[in-house]
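As structure tokens, the structure follows; a few thoughts come after it.
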Amino acid sequence: MTLMFLNGGAMRGEPLHHLLDGAPLVASTTTAPKYRFYSVGGQCPALVPVAHGGGAVAGEVYEVSLDALRDRVLPAEPPELELGVIELADGSSAFAMLLRRPQTSHVQLRDITEIGDWRAFRSRS
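So that you can map any letter, position 78 of the sequence shown is 78 in the UniProt record's numbering, and since no number is skipped, the others follow by simple counting.
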């Protein structure tokens, strides 16, 4: 089992939550304030680690099996994202989806760091 920070479509009540295959919720939390937060083409969120000017991003941490991560979660992610390790608000680490570097597509990115929450962003759109 591994910890996975989710901040988009796989959170509770969202359309991709079933991909977690019953993984238990560990915490509702935020990242450490070290990330820029983007809407990728209006379809999904992405984190980008930065040295300065980052913010905290809201999400949920789940204890996910590596099999579920490999077979269900990762195949559902768009090509603009890749698996990485982030720092949570309490200083611990978790896997999360980061914006792929170098960027592999020309999809529009919108910086939503000031909102810091995918659901809040979607409710404003």
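A virtual CB, placed ideally from N, CA and C, is assigned to each residue, including glycine.
Decide if residue i is buried, meaning its Cβ has at least 16 other Cβ atoms within 10 Å, or exposed.
i: residue 31; result: buried
i: residue 102; result: exposed
i: residue 42; result: exposed
i: residue 19; result: buried
i: residue 64; result: buried
i: residue 13; result: exposed
i: residue 50; result: exposed
i: residue 53; result: exposed
i: residue 45; result: buried
i: residue 25; result: exposed
i: residue 81; result: buried
Determine the extent of the alpha helix (DSSP H) in which residue i is found, giving its start and end residues.
i: residue 120; result: 118 to 124
At the level of alpha carbons, what is the spacing between residue i and residue j?
i: residue 86; j: residue 122; result: 23 Å
i: residue 73; j: residue 21; result: 9 Å
i: residue 92; j: residue 27; result: 12 Å
i: residue 61; j: residue 2; result: 10 Å
i: residue 94; j: residue 39; result: 21 Å
i: residue 6; j: residue 97; result: 8 Å
List the endpoints of the continuous beta strand (DSSP E) containing residue i.
i: residue 58; result: 58 to 64
i: residue 92; result: From DSSP, residue 92 is part of no beta strand (DSSP E); its letter is neither H nor E.
i: residue 86; result: 81 to 87
i: residue 25; result: 25 to 30
i: residue 47; result: 44 to 49
Give the DSSP bridge partners of residue i, in chain order.
i: residue 9; result: Its beta-bridge partners do not exist; DSSP assigns none.
i: residue 1; result: For residue 1, which the question treats as bridged, DSSP gives no partner whatsoever.
i: residue 40; result: 44 and 109
i: residue 99; result: 81
field: Three or more C-beta pairs below 8 Å linking the stretch 52 to 65 and the stretch 112 to 120
entry: Yes, the stretch 52 to 65 touches the stretch 112 to 120.
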